[in-house]
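Colleague:
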Amino acid sequence: MKLTDGVLRSFRVAKVFRENSDKINCFDFSPNGETVISSSDDDSIVLYDCQEGKPKRTLYSKKYGVDLIRYTHAANTVVYSSNKIDDTIRYLSLHDNKYIRYFPGHSKRVVALSMSPVDDTFISGSLDKTIRLWDLRSPNCQGLMHLQGKPVCSFDPEGLIFAAGVNSEMVKLYDLRSFDKGYANSKAVTLEASFTPDSQFIMIGSEDGKIHVWNGESGIKVAVLDGKHTGPITCLQFNPKFMTFASACSNMAFWLPTIDD
1407 MKLTDGVLRS
1417 FRVAKVFREN
1427 SDKINCFDFS
1437 PNGETVISSS
1447 DDDSIVLYDC
1457 QEGKPKRTLY
1467 SKKYGVDLIR
1477 YTHAANTVVY
1487 SSNKIDDTIR
1497 YLSLHDNKYI
1507 RYFPGHSKRV
1517 VALSMSPVDD
1527 TFISGSLDKT
1537 IRLWDLRSPN
1547 CQGLMHLQGK
1557 PVCSFDPEGL
1567 IFAAGVNSEM
1577 VKLYDLRSFD
1587 KGYANSKAVT
1597 LEASFTPDSQ
1607 FIMIGSEDGK
1617 IHVWNGESGI
1627 KVAVLDGKHT
1637 GPITCLQFNP
1647 KFMTFASACS
1657 NMAFWLPTID
1667 D
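The sequence shown begins at 1407 in my numbering and counts up by one.
Below, the structure written as structure tokens:
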């Protein structure tokens, strides 16, 4: 199915999971789209099977807590930020629940985390007003960008540009070699931006529980989707392989298109 304005407007919630006792902070689809992993303020990491539509495994990070979480290119490893002890990013093996590497450097809470789709690099944004570039093979920061406020950031599906927002007032698209484009967000709320897999559209959750969708080339809003969330949408992401996406506040919702023949 080709992703168009009409297909996006047709998405409806297909299933809701209530595994967590506290707010879901983040979730991420595996590179093959077959699983999704979530992190929560209840210190749990829940792995879901997208094909069977059910929870698969639960891990805990009681000592460090778990805030933002992202798959690496291997389906059995993740990187995640913590909300206890310190602001170090941790590289975890899901197979044996052991840490592979630590990435210290941020001096305040990490508020954005995104894995490159083309190599072993990832970016993180923090309340210390920096965006840092990392490589999974080294604990040392590979690049540093100083900003004027709180950043959010995310790679596009081709790994050529990343979206970054500052103080939730503007979402800008940065080329890795030059910085030029941007889209305004008049609501001034903390948002998570997600590209669709074909890079055509940018989807953003909001404090009113709705999902706003923009055309990435024209900047025109093409859809507003209502999943009946009871609070702000803190997490939003499109499946990289299948025609589905997920959104979350304190529960997890999976969306499917409902185009009529």
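We treat Cβ as the ideally placed atom computed from N, Cα and C, and that holds for glycine.
Every value quoted in this text rests on a predicted model; they were computed, and no experiment measured them.
Would you check if the distance between the CB atom of TYR1470 and the CB atom of SER1450 is smaller than 8 Å?
Modeller: Taking the sequence shown and counting its residues from 1, one reaches residue 1470 at position 64. Taking the sequence shown and counting its residues from 1, one reaches residue 1450 at position 44. Not in contact: TYR1470 and SER1450 (Cβ atoms no closer than 8 Å).
Colleague: For GLY1511, name the three-state secondary structure that DSSP assigns.
Modeller: The sequence position of residue 1511 within the sequence shown is 105, counting from 1. In the structure shown, GLY1511 sits in coil (DSSP, three-state: anything other than H, G, I, E or B).
Colleague: Would DSSP call LEU1542 helix, strand or coil?
Modeller: By 1-based counting over the sequence shown, the position of residue 1542 is 136. It is coil, neither helix nor strand.
Colleague: Spatial neighbours of TYR1505 within its chain, please: C-beta separation below 8 Å, excluding the five flanking residues on both sides.
Modeller: By one-based count along the sequence shown, residue 1505 stands at place 99. Hits under 8 Å: ARG1496, TYR1497, LEU1498, SER1499.
Colleague: Below 8 Å on the Cβ atoms is my guess for PRO1437 versus ALA1481; work out the distance and round it to an integer in Å.
Modeller: For the purposes of this step, residue 1437 is identified with residue 31 of the sequence shown, where counting begins at 1. For the purposes of this step, residue 1481 is identified with residue 75 of the sequence shown, where counting begins at 1. Correct: roughly 7 Å between the Cβ atoms.
Colleague: Within 10 angstroms of its Cβ, does ILE1617 collect 16 or more other Cβ (buried), or is it exposed?
Modeller: As a working note, residue 1617 is residue 211 in the sequence shown. Per the 10 Å Cβ criterion, buried.
Colleague: Helix, strand or coil: which one does DSSP assign to GLY1471?
Modeller: Working through the sequence shown from its first residue, we reach residue 1471 at position 65. Residue state, collapsed to three classes: coil.
Colleague: Counting pairs of beta carbons, one from the segment 1541-1548 and one from the segment 1558-1570, are three or more of them closer than 8 Å?
Modeller: Not touching, per the Cβ criterion.
Colleague: Could you say which of LEU1631, ILE1608, ALA1629, ASP1455 lies nearest to GLU1623 if we only look at CA atoms?
Modeller: In the sequence shown, counting from the first residue as 1, residue 1623 sits at position 217. Looking at the Cα atoms, ILE1608 is the closest of the given residues.
Colleague: In the DSSP output, which residue or residues are listed as bridge partners for PHE1668?
Modeller: No answer is possible for residue 1668: it lies beyond the span of the chain, which begins at 1407 and ends at 1667.
Colleague: Ignore the nearest five residues each way along the sequence and tell me which others in PRO1603's own chain have a CB closer than 7 Å to its CB.
Modeller: On the sequence shown, position 197 is the one that residue 1603 refers to. PRO1563, PHE1644, PRO1646.
Colleague: Between which two residues does the alpha helix (DSSP H) harbouring ASP1411 extend?
Modeller: As a first step, residue 1411 is located in the sequence shown; it is residue number 5 there, counting from the start. ASP1411 -> alpha helix (DSSP H) spans 1411-1415.
Colleague: Going along the chain, which residues of its own chain have a beta-carbon closer than 8 Å to the beta-carbon of LYS1460, five neighbours each way excluded?
Modeller: In the sequence shown, counting from the first residue as 1, residue 1460 sits at position 54. Contacts found: TYR1454.
Colleague: With distance defined between alpha-carbon atoms, name the residue in ARG1515, THR1640, SER1444 nearest to LYS1535.
Modeller: Taking the sequence shown and counting its residues from 1, the one referred to as residue 1535 is at position 129. The shortest C-alpha separation from LYS1535 is found at ARG1515.
Colleague: Excluding five sequence neighbours on each side, which residues of the same chain lie with their C-beta closer than 6 Å to the C-beta of SER1427?
Modeller: Counting from one through the sequence shown, the residue named residue 1427 turns up at place 21. Correct list, in chain order: ASP1448.
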